[in-house]
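For reference, the structure is listed below as structure tokens.
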Amino acid sequence: MLSRVWSDLRYRLRALMRSRTVTREIDAELQFHLEQEASKHRQAGLDPIEAQRKAALGLGGLGHVREEVRDAHGTVLVTRLIQDARFALRMLGKSPTFTVVAVLAIALGSGAVTTIVSAANALLLRPIPGIEAPDRVVDLNRTAGPQGREPRTSSYPLYVALRDQSRLLSGIAAWSAAQLTITAGAQGTTAFANLASDNYFAVLGVRPLLGRFFATGDDRARGAHAEIVLSEGFWRQRFGGDSALIGKAVSVNGSPYVVIGVAPAAFRGVAPLVRTDAWVPLGMTDQLRPATALLSNPRGSWLMLVGRLAPHATIAAASAEAATILARLKATSSDVDPDAGMAISAATGVPGDAHGTLVSFIALLLVVATLVLLIASVNVAGMLLARATARRHEMAIRVALGAGRQRIIAQLLTESVVLFLGGAAGGYLIAIWSTRIASRVPLRLEVPVTVDLSPDYRVLAIALGVALITGVAFGLAPAFEATRVDPSAGLRTGTAGAGTRRSSLRQVLVTAQLAVSLVLLMSGGLFLRALYRGLQVPTGFTTTGVSTAALDVSSAGYSDDRAREFYDQLKTRLLATGNVAAVSFIQPLPLSNSVYSEDFAVEGYQARTGEHPDGKVDLDLATIGADYFKVTGIPIVEGREFGVDDKATSPKVAVINQTFAQTYWPGVDPIGRTVTGDEGMMTVVGVARDAKYASLNEAPLPFIYLPLTQHWGSATHLLVRTSGQVAALGTAIRDAVHGIDPIFPQPVSTTLDAATSVALLPQRIAAIVTGAMGALGFLLALIGLYGTLAYRVSQRAREIGLRMALGADRVAVMRMVLREGMRLVAIGGAIGMALAVATTRVMSRFLFGVSPLDPLVFAAIPAALVCAAFLAIIVPARKAAATNPLDTLRNN
Amino acid sequence: MTDTRLDLPQGTLDLLILRTLSLTPMHGWAISERIQQVSRDTLQVPQGSLYPALHRLERRGWIKARWGASDNNRKAKFYQLTRSGERQLANETRDWARLSDAVALVLRMS
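Read top to bottom, the protein sequences are chains U and G.
The opening residue of the first sequence carries number 117 in our numbering; numbering runs sequentially from there.
The opening residue of the second sequence carries number 1227 in our numbering; numbering runs sequentially from there.
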């Protein structure tokens, strides 16, 4: 069977590829037959000419037989397709304006879709580069129970349990991001590194470019392996690609680490969107993050896990196994959160908590882009319809000459497919260009994010596939219309007649365009409103006039005492600078989407069912320096804020927010009450007014501030308030840091405004994308509207001329065209409004409480649509009114 | 003479070609001559259909073609049965025998 298919295919391929040779062979074969036949007839006594004639007659027409033989080759479809494509190109070449406009319209729509598909491909579909068999690699995200909280990171003991007990995952690796200061020579460099488990490279299947990777068992030998692996990029940029570096020591946070290897350039870590410069063994965690005891804390939440599926294992089976392991752990230890679960999914290169948001966001943009492509396609379908009418004479001739309707339809479809393929090619170029621009947009994030959104062969394949489908779908109606001809009628009259059906189809198309573009514009409007609202959301603190810089003292290798000294000196130096009003520190930075939380026992508060079984409550917190509330302008409503007297050794204190007080101590004076956390009991000394903490759209939540001096963290953000120019603070901060410690990595400072604006990034992107696409779609719809009406007017020139000859005045004619146009606008607008009501709800999670039925958007945008549409209608209406009745009557 | 000739029933041309080629490889004209001769001039091969049929059979891999010299030393395309062509011939011959038996039975019905 298979061999037969193969011989068939080989035969057809030869006939196709070497068609000239094959044709020659057929001719030779038939010629031979004729000669044999003729010589037979000659022997029977016929004269040579008569013999020739009889032989040819027997064969029944050489050309005919040749065609039939070729049919038998089974290549007809393909050769016809090539013929049709050539013919289509010739026909399109004859009307260059039409072709250029149509291809351009499709290119814009297709470019929109291709750009979003490229982004989706780059962010969600493209496998993690540089690793072996990426389709077998999975992410393991800890989930925090049925409440549906976002995926979380795991603790080291949990990781070890999973790693040692899992059979269906042939290996599980753990990693955590860590900022390091690498010093070789005079100046320290900040490196964005990963603490990685000893099996990290083995599980991912990465081979070293130079040297070696970590040895098995390094995790267990705590602090014994001061080793570092460099990324190829960092090795080249920082060390000039010096291969003699292997085996030598560099200073990492002040301690010597041996460079044992360099990773290949293709491998950029498990989360390739974030730059990774180096890897150090997980066993060094205690040295690099002193005073955290992360490795032994069973409740820690800091490790990302990736695993590799064992041969024949499936994700579902591995998930079930992980659930069993987790259940066993819960049964034997109270250290595992009883609600914890483990979600295993194909590795995507985007960390678990960002993945879901990204998927829904890109899906939204893809819908928007698809709508633009639809509008553009409808425009082209409209143009094809008009062209079909103009070509009725041509079609009539072709039908009269014996062309089958199917053949003509096939040819017209080929024409529209060629147009759409051309458009898709243009769209691909647009996508290359637009993704390049998008990749260059600077993101003010704390980690260096490198996004390569450029389209690849997969995106091209999708774009061409979409072009094929849309080309056939939108070419079908025009092709059927064009061939709905009675040849004799077509030949006789040339242009007139049969117009109403065709133009009613165009009217339907234009109405649909107006409706869809209205939906797009309203979405853009809603996002703009959300952006505006987001900018207006009271954050509870003042960002203007404040500069911020990330400081990581532990990555500079400072001891706790040295770090405290550093903070104090920095504060003193900065306050001595002119114009600096206040200096403080905070971790985490507000509105940066990062949440620190801890379990607290609240005095006098009994946990309700569903909360923590030991009576504790999970509270979001921030550690802050003295004067934090002065820098940010958050008012203290009761009590006091932290001061210089709240030292590490003094009694432990806390400041809570209003929601905390109302939630846990209603009607009670909170000052003097206590909360007990991991580091003991704290007395509440003040109540601060509510503010936004992690994100702008969070509901008011109980929040607790702890003094930095008493709750040591390795990384903090410096905050400096100035009465002068914020921009000037950057130099002041760098000078101050350099003055204290010349090898401390130079901090990069930004304004607090800029740093917190990341919170509005999705709204910004959505507003730009939907706004731009809405405008594009609307423009295309207006062109469609104008085109339809102009076409109708030219088609009805005779009727209009007749009316005017019979006494209708210009105003009446204009009113007639206007009424027709506005009727389309009204219907399209109404449908669009209904669609918008039905669809804008899906965007609500990005809208910051702006109603999906926001009255302003729902009033202003349709009004704008009507005004703009009026302008598109008035031109053909005036043209109709300018009809000279005598001319039209004479011409027709 | 024309009265005694029959048109070929649908689908039998392939069978006749395969059978003719099962004796020896031959070129198209010879096949048509041979069929006519063997059927004692009863079967007239429609020459217009002969060549499309040959190319179709070749595509299916039942026969294969090679260029060779004819009796009068002219270049001609010779067709030859393949292994799978032999199997096909056996199958079709059996089917044909069953069909003609069945038709004969029905016609003899009294």
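Heads up, the beta-carbon is just placed ideally off N, CA and C, and yes, glycines get one too.
If you're wondering where the values come from, they're calculated on a predicted model, not measured in any experiment.
Residues of the segment 127–149 of chain U whose Cβ lies closer than 9 angstroms to any Cβ of chain G, in chain order: Y127, R128, A131, E141, I142, A144, E145, L146, F148, H149. In the DSSP annotation of this structure, W351 of chain U is not part of any beta strand (DSSP E); the continuous alpha helix (DSSP H) holding it starts and ends at 348–355.
Counting along the chain, the unbroken alpha helix (DSSP H) around T779 of chain U starts and ends at 774–780.
At a Cβ-Cβ threshold of 9 angstroms, A579 of chain U and L569 of chain U do not count as neighbours. If you check each beta-carbon in the segment 1257–1275 of chain G against every beta-carbon of chain U, the ones closer than 7 angstroms belong to Q1273, G1274. DSSP, reduced to helix, strand and coil, places P968 of chain U outside both helices and strands of the structure shown, so it counts as coil.
Close to D187 of chain U, with beta-carbon spacing below 8 angstroms, are these residues of chain G in chain order: P1278. Runs of alpha helix (DSSP H) with 4 or more residues, each lying fully within the segment 657–704 of chain U, are found at 676–692, listed in chain order. P212 of chain U sits in a helix when the DSSP states are folded into three classes. Between D668 of chain U and Q295 of chain U a beta carbon distance of about 5 angstroms is seen, short of the 8 angstroms cut, so the two are scored as contacting. Within the segment 150–177 of chain U, the residues whose Cβ lies closer than 7 angstroms to some Cβ of chain G are Q152, E153, G174, L175, G176, listed in chain order.
Rounded to whole angstroms, the Cβ separation of L285 of chain U and A426 of chain U is 6 angstroms, and the two are in contact under 8 angstroms. A check of alpha carbon separations from P250 of chain U across U:F383, U:L905, U:G694 identifies U:F383 as the nearest. Listed along chain G is no residue with a C-beta nearer than 8 angstroms to that of V194 of chain U; the closest approach is about 14 angstroms. Per the coordinates, the alpha-carbon of A289 of chain U lies some 28 angstroms from the alpha-carbon of Q353 of chain U. Contact of R1282 of chain G with chain U by beta-carbon distance below 8 angstroms involves A188. Here P414 of chain U carries a coil assignment [DSSP, helix/strand/coil].
Not flagged as an interface residue toward chain U: R1324 of chain G, since no C-beta distance is shorter than 9 angstroms.
What G1311 of chain G touches in chain U, judged by beta-carbon distance under 8 angstroms, is nothing: the nearest beta carbon there is about 11 angstroms away. The CB of G1294 of chain G never comes closer than 9 angstroms to any CB in chain U; the least such distance is about 11 angstroms. Note that the C-beta distance between G543 of chain U and A223 of chain U is below 9 angstroms. DSSP assignment within the segment 775–859 of chain U yields the following whole beta strand (DSSP E) runs of 3 residues or more, N-terminal first: 790–793, 796–804, 819–823, 831–838. At a cut-off of 9 angstroms between beta carbons, G1237 of chain G makes no contact with chain U.
Per DSSP, S532 of chain U is one residue of the alpha helix (DSSP H) stretching across 521–556.
DSSP lists U:A293, U:W395 as the bridge partner or partners of N310 of chain U. The Cβ-Cβ distance between V557 of chain U and D869 of chain U does not fall below 9 angstroms.
It is roughly 14 angstroms from the alpha-carbon of I441 of chain U to the alpha-carbon of D453 of chain U. With contacts defined by Cβ atoms closer than 9 angstroms, V588 of chain U and V632 of chain U do not form a contacting pair.
Taken through DSSP and simplified to helix, strand or coil, N1299 of chain G comes out as coil. The Cβ atoms of T748 of chain U and P818 of chain U lie no closer than 9 angstroms to each other. Setting aside the 5 residues that flank it on each side, S550 of chain U is surrounded in the same chain by T231, each with a C-beta closer than 6 angstroms to its C-beta; the list follows chain order. Annotation for G793 of chain U: E714, F716 place their beta carbon closer than 6 angstroms to its own, counting only its chain and skipping 5 residues before and after. The Cβ of H428 of chain U sits no closer than 9 angstroms to any Cβ of chain G. Residues of chain G with a Cβ closer than 9 angstroms to the Cβ of V588 of chain U do not exist; the shortest Cβ-Cβ separation is about 29 angstroms. For G1311 of chain G, there is no enclosing beta strand (DSSP E); the residue is found in the alpha helix (DSSP H) stretching over 1309–1334. Exposed is the label assigned to V760 of chain U, since fewer than 16 other Cβ atoms lie within 10 Å of its Cβ.
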